[in-house]
Amino acid sequence: MSSLQVRVWRGGAAGAFQSFEVPRHASQTVLDVVTHIQRALDPTLAYRFACRVGMCGSCAMTVNGKPRWTCRTHVDNVYENDKLEIGPLRNLPVIRDLVTDMREFFDKWARAKGQFQGKLTRKDDFQKIEPESRDRKQVDLAIECIGCAVCYSACDVVAQNPDYLGPAALNRAWTLVKDERDEKTIERLRAVAGDAGCHSCHTHMSCTEHCPKQLSPTAGIAGLKRAVSLAMLKGAL
Amino acid sequence: MSAKSQSLLWIAQRASAALLGLCVLVHLATMIYAVRGGLSAAEILGRTSGNVAWFAFYTVFVLAIAVHVPIGLRAVLIEWTGWRSRGRDVALICFAIFLIYGGMSAVKAVFR
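Protein chains in written order, with our numbering: chain L, 6 to 242; chain S, 6 to 117.
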């Protein structure tokens, strides 16, 4: 049986890569490799996973320098020059080994006013949203985010400006700005404008390039820039 | 800085960028025409001196630069140096004034 040479990040922010030899299997995923190390070679290895089928987003890590869902990444597709290097997600504090602290990432969703605020009460009838309406179609393009933080890890603006809300939080804000049922639009546009918000995006499109769901936070952020500008010109901001 | 002010800066930078795109095209076309036409410095000055249209064009060019550059530099300073105090904006306003002064000195020199 052939084997893989794998380097895995150990320790906190000041840790180092440790080498392991892992048996090679057909259709092996990077998560399979990490699981093998933890179960057979070193039970102290810390990592996070849940569904193993690309639904939860909790197994995101940096694989050969790129943020990915490890459960949906086949070793065949990333094992280059006999190298497989697995590290924690970038732009997030490392708790230990491959586990990052996601609190700041989700706090930024709250700072971007990522909570839905409806206008209706339970006594009202359902608000009818036309599925073919322009706004709803734009929401559909962005709504499937599962909060895995791959885009946040890929974003160079977050790396340079830690206050930047990041692609996921801004994408969430965009889905709510375009949601006819929501009534916090102006408050949300104020929250996402400026140096920590949509105006800091450099349109590098790393988030769009790396999103495992093929979403385009860049498009949403561009939409927010337009929406903020329109609100300001109308005197509503 | 309020969301409104930061949005205004963003619009100002985009609008000045659009203006600069146009100004650079006209400026380059003028340079190519002057060089290929073999105009001497004296002949060029002869056409720009007292010409209000050229004065107005290059004044717009300089003002667009003075708006565009400091706003872009502001973002660079935030990301590269983390400079976020009021002093940064004061320094950038001074830099904008310097750009206007230097640019308008050149414009006036060819208008006289």
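Built from N, CA and C at the ideal position, the CB exists for glycine as well.
{"query": "Cutoff 7 Å; reference His-209(L); Cβ partners in own chain excluding five residues on either side", "result": "Asp-161"}
{"query": "Beta carbon proximity, Ala-224(L) to chain S, threshold 8 Å", "result": "no"}
{"query": "Under 7 Å from the C-beta of Ile-16(S): neighbouring residues of chain L", "result": "Ser-234"}
{"query": "CA-to-CA distance, Pro-93(L) to Glu-26(L), given in whole angstroms", "result": "19 Å"}
{"query": "Leu-175(L) at chain S interface by Cβ criterion, 8 Å", "result": "no"}
{"query": "Beta-carbon gap between Ala-232(L) and Leu-170(L) smaller than 8 Å", "result": "no"}
{"query": "Test: Arg-20(S) CB closer than 8 Å to a CB of chain L", "result": "Before going on, a small fix: residue 20(S) reads as Ala here, not Arg. Not an interface residue."}
{"query": "Nearest candidate by alpha-carbon position, reference Arg-95(L), set Ala-65(L), Ala-201(L), Pro-217(L) and Gly-202(L)", "result": "Ala-65(L)"}
{"query": "Buried or exposed (CB count within 10 angstroms, at least 16 for buried), Ser-221(L)", "result": "buried"}
{"query": "8 Å Cβ cutoff met for Val-197(L) and Ala-178(L)", "result": "yes"}
{"query": "Counted within 10 angstroms of its Cβ, other Cβ atoms place Asp-184(L) as buried (16 or more) or exposed", "result": "buried"}
{"query": "Where Arg-195(L) meets chain S, residues with beta-carbon distance less than 7 Å", "result": "Ala-8"}
{"query": "Terminal residues of the beta strand (DSSP E) in which Ser-7(L) lies", "result": "Per DSSP, Ser-7(L) belongs to no beta strand (DSSP E) and is neither H nor E."}
{"query": "Local conformation of Glu-135(L) per DSSP, three classes", "result": "coil"}
{"query": "Close Cβ partners of Glu-1(L) (< 8 Å) along its chain, the five nearest in sequence each way excluded", "result": "Given a span of 6 to 242 for chain L in the structure shown, any question on residue 1(L) remains unanswerable."}
{"query": "Short-range partners of chain L found in the stretch 64-97 of chain S, where Cβ spacing is below 9 Å", "result": "Arg-79, Ala-80, Ile-83, Glu-84, Trp-85, Gly-87 and Arg-89"}
{"query": "Interface residues of chain S facing Met-237(L) [CB-CB closer than 7 Å]", "result": "Lys-9, Ser-12 and Leu-13"}
{"query": "Ser-205(L) vs Ala-80(S) beta-carbon contact at 8 Å", "result": "yes"}
{"query": "Where the alpha helix (DSSP H) containing Gln-18(S) begins and where it ends", "result": "8-41"}
{"query": "Distance between Lys-118(L) and Val-67(S) (C-alpha atoms, nearest Å)", "result": "40 Å"}
{"query": "Best match in Ile-83(S), Trp-15(S) and Val-72(S) for proximity to Ile-98(S) [C-alpha to C-alpha]", "result": "Val-72(S)"}
{"query": "Presumed contact (8 Å Cβ cut-off) between Val-99(L) and Gly-17(L), rounded CB distance", "result": "5 Å"}
{"query": "Under the three-state DSSP convention, the category Asp-74(L) falls into", "result": "The residue you asked about is not Asp; residue 74(L) is Trp in the sequence shown. Three-state DSSP puts Trp-74(L) in a strand."}
{"query": "Segment contact, 8 Å Cβ cut-off, at least three pairs: the stretch 53-62 of chain L with the stretch 71-80 of chain L", "result": "yes"}
{"query": "Rounded C-alpha distance that separates Glu-109(L) from Leu-104(S)", "result": "40 Å"}
{"query": "Own chain residues within Cβ distance below 7 Å of Glu-149(L), not counting five before or after", "result": "Lys-218 and Leu-220"}
{"query": "Cβ-based burial, Gln-10(L) [other Cβ within 10 Å; buried from 16]", "result": "exposed"}
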